Amino acid sequence: MRRAVIAFTAFLGGLIFLLAGPAHAGPADCQGLRGTLKLQGQPVNGAKIAVTTESGQPVKEVTSNAQGAWDVQVDQIGKYRVTLDVSTLPQNSEVRGGNNVRTPTVYEGNCSTVLFALQPKAAAGQPPADTGQTTFWEQAAQLTFEGLNLGLIIALAALGLSLIYGTTGLTNFAHGELITLGAVIAYTFNVGFGIQLIPAAILAVIVSGGLGYAQDRLFWGQLRKRGTGVIAMMIISIGVAILLRNLIQFFFGAQNENFSDYNTQAGIVVGPISAAPKNFWAMGIELAVLIVVGLALMKTRTGKAARAVSDNPALAASSGINVDRVIRIIWTFGAAIAALAGIMLGVSQSLKFTMGQDILLLIFAGVTLGGLGTAFGALVGSLVVGVFIQVSTLWIPPELKSVGALAVLIIVLLFRPQGILGRRERIG
Amino acid sequence: MRDDTMTDSLKAKAQAAFKDLARDPGVPKPDPILVVDNVVRRFGGLTAVDVNHVEIQRGSITALIGPNGAGKTTFFNQLTGFDTADSGTWRFNERAMNGVPAHKVARYGMVRTFQLTKALSRLTVLENMRLGAQKQRGESFWRALVPGFWRGQEEEITERAEELLVRFKLDAKRDDFAGSLSGGQRKLLEMARALMVQPELVMLDEPMAGVNPALTQSLLGHVKDLREQGMTVLFVEHDMDMVRDISDWVIVMAQGAVIAEGPPSTIMSDERVIDAYLGAHHDAPLSEGELEAQLHEAEAELEAEIEEETQK
Amino acid sequence: MDWLTILTTTVHAAIGWETVVYGLAAIGVNIHFGYTGLLNFGQSAFMAVAGYGMAVTVVFLNLPFWIGILVGLAAAAVLALLMGIPTLKLRADYLAIVTIAAAEIIRLIFRSVYFKDIFGGSDGRRGFNGDFYAMNPYPAGHYGIGPFGFDERTMWFLTVGWAVVLLSCVVVYLLMKSPWGRVLKAIREDEDAVRALGKNVFSYKLQSLTLGGIIGCFGGFLYGLYNGAVQPDVFGTEMTFFAYTIVILGGAARVFGPVVGAMIFWVLFVFVGNTLAELVANGYIPFMTTIQVGPIRYALVGLGFILLLVLRPQGIFGDKREIAIDAR
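Residue numbers (UniProt numbering), protein chains in the order written: chain A, 1 to 428; chain B, 1 to 312; chain C, 1 to 328.
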């Protein structure tokens, strides 16, 4: 009972933080256009940007600052033309897709973010043979590294999804929103309350764990008690996903945001790989958490109980395991590590209310590749998916990289539904 | 009651066929409807079914018995196309049936029921029955759109269904959802529905399991009736009283293999059966090895079921 | 507060283009999910290939409108086979994941820069509905009573749209009364039992998937014709989810369930959205901006869907008895 009270308080607290957060973070006095120019994660200083009205009346010309950021405030809402002067970009770079004009809309009391994705000149399409700067293998190494980074994030999220599936049979389509929620709560602490990212992240993980507990105690647990079937619960989880995602959008907005720390780190080069130090740290943390969770599953009583429940809930219950308690613990930890995954995703990319939804199918790919319901399979499967996605961009356009992963997901489900590690008998 | 002399003659005829047969597993029958050779099914390292040779006599009621985990249901699944055998052949009415998908097996006249009754809950009893009829014109997409094509046939089917419902005393329930029936009534409905297919061989998987004792006699009567109407019955059962009461011949399975055959009156005194079946069950205590073997069998059966589930 | 606008838009929504388009999507989903028990979460993909099939044929290949319709239909049928043949033997939850992934693949391909020449990238394709409106028999003018009514273009669209909806309902009615429909419903209950009775379950599932997909594909055509454009992101998982909400709202496995469901859904959606927007614009809800009305009404759809499934899974008009028996 006491635990329930604590969790519920945490749940309420989280909601209040969420409500309060945007009041600090939300730029109520902002109405206009802004953006950040970056080339391979590094800010681009001194690029010229011209903003005109839709009909071509000049509004303002600005130059990006040392952080690569630029900002134009306007009085009138409506459509604008934003032109990036390509001649002011660094010599070796270009706008991805080639189009240097954007026509965003400014809404009342809102700042729209205008994106110009920059890339090194020769890198589009084929690996550069002429410049000789990066060879195929260097690129492959770099992409493998990025893939492992992504794969570890997927693995964190997949672990929770897989454990919840294993213990309750629920294919949770709302797991992506647990990821987004974690990131957004951390953002609220970090940007809204000005807490440094690391303590903010720790707080966010704790709050998310509490929300996970509350979600099971107040919702999924009740449905199980009513005897709701797993298919019905799966469909309900889609409703939960839509509800949470739009609530997050309601409070957070539809724009991309970044944490206030670790944004502009100079890249370091290790062998063929160049990346910001935060990426190495993030991977280290992810790996450590995965190892700790893995050990907990293997060694602790609760971990063993969780695996027993996954294997056979009825048998576990009859041998004295409190199945409901185990499931609640799984939900708490599943939500907590999903939140961590969201924070890491926010650190390495940026935050958006769809970030969890966008990665959800990749998590499914990881989980099914490893075998539904097997925690360690989920880990391996996720790493494979992460690396596969990034490395595949050597041959296919980056925008289609997820297509490859989804195709793999389908093929796995068709030909080896038990996954690469699962035993055939385990499914069912 | 039906014509008694007719009943007696068919029963006598069925039993006469078995009169001089040896009690060995796989003994040839005078007029087999189903002949099975070397059917093997393995799950991982466990052999669930390994049947060398067995024949089912036409027009008889044959019981298939054996301890838990003997592979009876798995064997049923192989024969009816619900699971794929690793190897083996079987012939039904001289037609090779291995590799034939389940729905075609039924079309050829070999219809089964399930251990866990599969009443189609949210269809009415009458709709359940109608579904069983074969070669329905209205079951093809384009013709379904024009009621004129299938109305007449539907009426014939309904008539036949209603006759069967009367026989099975379900006519009062014809417009109720099948899900509202009791366990025994569902068993009756499933059997009646199987008869709508007009099969030659009816395969019943534990027809008495979970049936209220009040309904047992009526169900037994219906099974006997099938033989009187010229059908062949093969059924899996645990209840030895029932086996003795209605079957003409008994086949005993243990650890996936057929270990003995014989008439119901004497089969339970057969050494091999006592050893393998009764011995394992009634003579406590078990040795550790036996216990383990039994566990493996039970597991094999379970896995077979899981396998069946995953085929979906 | 502009109550008149709220009233007229709400009344229009009951028979408007959204109701037609989503009603058709839901009729398809009802065949899959309501009658056959197939969890196809990729209904938006059928609509997307139809809309794009038509648009690309007309705009990119410069072929006539009717050829575009045929191409869209063919695309939907091919998609049903591609999606169905490998997946219809899978468990329900696997089928759900595979179909959602397939729909996502199709959306990503349509919006990719790589295929921009054909599909137009994230802007999609426009300028293909001229032939359709050239056939409009209504003379220019306003059709309706007082503030309620439509212009001649909308009238033409709604005439065609509702004709398609009614035709689909007639087809569903005829089929579900027939032995064919009986097999589908039986598969929903227990496909092994159906197999044991000599029916080719796989073939029926494929027919069901194709039929539902083709009906959904008309929703895709009509979406494109009304809006004059198809964009990839319209055909996301949300569209499929709306269709499911509509089916459950109106009652699964009922012929007019999806139509009634679509009407209720869009009336509520438009009414709540517009009322909130008006309230916010007039300062009655100080903590919200107009931009936040969008997400909040989507969130309400999610909430409504959850409550519906938990508290009233048989839908508003569903037969309680049918669900109560098989209480899950």
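Every residue gets a Cβ at the ideal spot worked out from N, C-alpha and C, and that includes glycine.
Quick caveat, the model's predicted, so the values are computed rather than measured.
With 16 other Cβ atoms within 10 Å as the buried cut-off, status of residue i
i, result
"B:E159", "exposed"
"B:A284", "Low confidence applies to B:A284: its pLDDT is 45, below 50, so where it sits in the model is not reliable, and the reading given next is rough at best. Exposed: under 16 other Cβ atoms inside 10 Å."
"B:A12", "exposed"
"C:A13", "buried"
"B:N77", "buried"
"A:M233", "buried"
"C:A196", "buried"
"A:N322", "exposed"
"A:D130", "Unreliable positioning characterises A:D130 in this predicted model, as indicated by a pLDDT of 43, which lies under 50. The coordinate reading is nonetheless provided below. So A:D130 counts as exposed."
"A:A314", "exposed"
"A:R102", "buried"
"C:L283", "It should be pointed out that residue 283 of chain C corresponds to Gly in this sequence rather than to Leu. Label assigned to C:G283: exposed."
"A:T135", "exposed"
"C:Y133", "exposed"
"A:D311", "exposed"
"A:T9", "Residue placement at A:T9 is poorly supported in this model, since its pLDDT is 46, which falls under 50; the coordinates are not used for a value here."
"C:D2", "exposed"
Residue of the options minimising C-alpha distance to residue i
i, options, result
"C:V310", "A:F250, A:I235 and A:V59", "A:I235"
"A:A66", "A:N45, A:A50 and A:Q76", "A:N45"
"B:T47", "B:D86, B:I65 and B:V35", "B:D86"
"A:H76", "A:Q57, A:S93, A:D85 and A:E61", "In the sequence on display, residue 76 of chain A carries Gln and not His. Nearest of A:Q57, A:S93, A:D85 and A:E61 to A:Q76, Cα basis: A:Q57."
"B:P25", "B:G138, B:K19, B:H53 and B:A14", "B:H53"
"A:L161", "A:A375, A:I389, A:L413 and A:E399", "A:A375"
"A:S64", "A:L143, A:R34, A:S55 and A:S93", "A:R34"
"B:R122", "C:V183, C:A80 and C:R107", "C:V183"
"C:F41", "C:D93, C:I100, C:L70 and C:D117", "C:I100"
"A:V230", "A:T332, A:E94, A:T167 and A:Q418", "A:T167"
"B:G109", "B:T216, B:E200 and B:N212", "B:E200"
"C:F241", "C:G304, C:A229 and C:F256", "C:G304"
"C:R125", "C:G144, C:Y244, C:Y223 and C:G146", "C:Y223"
"B:G59", "B:Q15, B:F75, B:A260 and B:S140", "B:Q15"
Beta-carbon proximity check, residue i vs residue j, cutoff 8 Å
i, j, result
"B:M129", "B:A161", "yes"
"B:A192", "B:L220", "no"
"C:G302", "A:G239", "yes"
"A:E257", "A:I153", "no"
"B:G132", "B:W150", "no"
"A:A158", "A:S382", "yes"
"C:F271", "C:T5", "no"
"A:L244", "A:A338", "no"
"A:A183", "A:N190", "no"
"A:A341", "A:L156", "yes"
"C:F46", "C:P232", "no"
"C:F265", "C:L279", "no"
"B:V250", "B:V243", "yes"
Alpha helix (DSSP H) segment containing residue i, residue limits
i, result
"C:H32", "Per DSSP, C:H32 belongs to no alpha helix (DSSP H) and is neither H nor E."
"B:P32", "Where B:P32 is concerned, there is no enclosing alpha helix (DSSP H), although the beta strand (DSSP E) it sits in stretches over P32 to F43."
"A:R96", "Per DSSP, A:R96 belongs to no alpha helix (DSSP H) and is neither H nor E."
Enclosing beta strand (DSSP E) for residue i [first to last residue]
i, result
"B:A70", "Where B:A70 is concerned, there is no enclosing beta strand (DSSP E), given that its DSSP letter is neither H nor E."
"C:G144", "H142 to I145"
"B:E261", "A257 to G262"
"A:S112", "C111 to T113"
Please identify, using Cβ separations under 8 Å, the residues of the region 187–210 of chain C that lie next to chain B, in order along the chain.
R188, E189, D190, E191, D192, A193, V194, R195, A196, L197, G198, K199, N200, V201 and Q207
Using a beta-carbon distance cut-off of less than 8 Å, what residues from the region 148–160 of chain B approach chain C?
W150 and E154
Just by C-beta distance, which residues in the region 83–100 of chain C are closer than 8 Å to chain A?
P86, T87, L90, R91, A92, D93, Y94, A96, I97, V98 and I100
Selection of the region 170–181 of chain C by Cβ proximity to chain B, strictly under 8 Å:
V171, L174, L175, K177, S178, P179, W180 and G181
Mind listing which residues of the region 168–201 of chain A have their C-beta closer than 7 Å to chain C's C-betas, in chain order?
T171
Residues in the region 245–270 of chain A having any Cβ partner in chain C nearer than 7 Å:
N246, L247, Q249 and F250
Near-chain C residues of the region 162–176 of chain B (beta-carbon distance less than 9 Å), N- to C-terminal order:
none
Taking any Cβ of chain A, which residues in the region 298–312 of chain C have a Cβ under 9 Å from it, in chain order?
Y298, A299, L300, V301, G302, L303, G304, F305, I306, L307, L308, L309 and V310
Against chain C: residues of the region 226–240 of chain A by CB proximity under 7 Å
G227, T228, G229, I231, A232, M234, I235, I236, I238, G239 and V240
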